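In the numbering used here, the protein residues as written are 70 to 347. Think of the CB as a built atom: it goes at the ideal place given N, C-alpha and C, for glycine as much as any other residue. Note that the coordinates shown come from a computational prediction; the quantities given were computed from them, not determined experimentally.
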Amino acid sequence: MPPTCAAAPARRHVISVARMCCVIMRERYDYARHGYPKTGGIAIVAADPKKRAWRMAKDDGTEDTSLYEAILDDIYEGRLTGGQRLKVSELAERFGTSTSPVREVLRRMQGEGFVQIHPNRGATIRPTDTGFLQNVFEVLQMLEPYFVTWFADYASSEMVDELEAIQEKIKATPHAEQRAFRKLDFEFHDVFSRNHYNQTAAEIWHNLRTSLNVQAARLRISPARFETIKEEHDEIVAACRAHDAARAHLVICKHVDGSFVQMSQQIRALGLSANTTF
Numbered sequence: 070m071p072p073t074c075a076a077a078p079a080r081r082h083v084i085s086v087a088r089m090c091c092v093i094m095r096e097r098y099d100y101a102r103h104g105y106p107k108t109g110g111i112a113i114v115a116a117d118p119k120k121r122a123w124r125m126a127k128d129d130g131t132e133d134t135s136l137y138e139a140i141l142d143d144i145y146e147g148r149l150t151g152g153q154r155l156k157v158s159e160l161a162e163r164f165g166t167s168t169s170p171v172r173e174v175l176r177r178m179q180g181e182g183f184v185q186i187h188p189n190r191g192a193t194i195r196p197t198d199t200g201f202l203q204n205v206f207e208v209l210q211m212l213e214p215y216f217v218t219w220f221a222d223y224a225s226s227e228m229v230d231e232l233e234a235i236q237e238k239i240k241a242t243p244h245a246e247q248r249a250f251r252k253l254d255f256e257f258h259d260v261f262s263r264n265h266y267n268q269t270a271a272e273i274w275h276n277l278r279t280s281l282n283v284q285a286a287r288l289r290i291s292p293a294r295f296e297t298i299k300e301e302h303d304e305i306v307a308a309c310r311a312h313d314a315a316r317a318h319l320v321i322c323k324h325v326d327g328s329f330v331q332m333s334q335q336i337r338a339l340g341l342s343a344n345t346t347f
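Right, dumping it as structure tokens:
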């Protein structure tokens, strides 16, 4: 039996995650039978460990992975926008490949929620949906404490060293370089999920967090929130170094809740209401 967290809040998160996984598995079943839900649905596809989404500078060298990252970058940068039709032949010509790898990547992105494939109409970029982003945050509010509390209890000094090394890169990143910051922030939180015994939950986190990073790219991180993130990361590292699971749990809950508030404020600043696309 894998070890479990002694802290009561962590046990509650395990129960919540189990319930959430049941919902996601049911939606995966519905997706397999009926296609991607039109609104409010989350479809999760377990990724090949060598092709986990957004593994910066860790490409395994395969053509499909490179093409996947190139198209994902175009979505992130806004070169491909929500609702835009994707023509397989044009993408193949643009990226210097055949049409078969393009179709495979689009099918993968359909499963991850970036692309919608319509019968007789081809593929389009899935518009960013504010309701979807809020749903993702609710799941992350369950998963992050689940991973971090366990990590604080059981992480080796080498694991904490890796976490701290990423944090030093984060602190050296200027506010203007938001994309680089988001990538490093992803790597920081990836340490918790990657080292956890529950890799089913880790894959769910990977897919959802990747989707959040790409689809929320238009939502800027404010200077104040930027500094708060770095401070809270330092607190998390210190708690993990001290194997203080209770402290780590408190800080990560505050951390994720603060990110949700920041996102909500940015959505309102753009004049968007709930369940609208942008």
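query, result
"Can you tell which of Y145, I305, N282, E304 has its C-alpha closest to the C-alpha of V205?", "N282"
"Starting from T168, follow the alpha helix (DSSP H) in both directions and report where the run begins and ends.", "168-181"
"Less than 8 Å between the beta carbons of L155 and G191, yes or no?", "yes"
"Helix, strand or coil: which one does DSSP assign to D259?", "helix"
"Measure the C-alpha to C-alpha separation of K299 and H265 and round it to an integer number of angstroms.", "23 Å"
"Would you report the Cα separation of D254 and H275, rounded to the nearest angstrom?", "13 Å"
"So for L281, helix, strand or coil by DSSP?", "helix"
"Please look up how many angstroms separate the CB atoms of R289 and Q247, rounded, as I've assumed it's under 8 Å.", "7 Å"
"Just reading off the alpha helix (DSSP H) that Q331 is part of, what are its end residues?", "314-338"
"Rounded to whole angstroms, how far is the Cβ of H302 from the Cβ of I239, which I believe are closer than 8 Å?", "6 Å"
"Have a look at the DSSP bridge pairing and note the partners of G191.", "H187"
"Here's a check: name, in chain order, each residue in its chain whose Cβ is nearer than 6 Å to the Cβ of Q335, leaving out the five neighbours to either side.", "L288"
"Pull up the distance between the alpha-carbon of F257 and that of E233, whole angstroms please.", "9 Å"
"Got a sec? Which residues, its chain only, sit under 6 Å from V306 by beta carbon, not counting five neighbours each side?", "L232, E233, Q236"
"Going by DSSP, what residues sit across from L155 in a beta bridge?", "A192"
"Beta-carbon within less than 7 Å of T150's beta-carbon, same chain only, minus the 5 sequence neighbours each way: which residues are those?", "I194"
"Going by the CB atoms, is the gap between L136 and T168 shorter than 8 Å?", "no"
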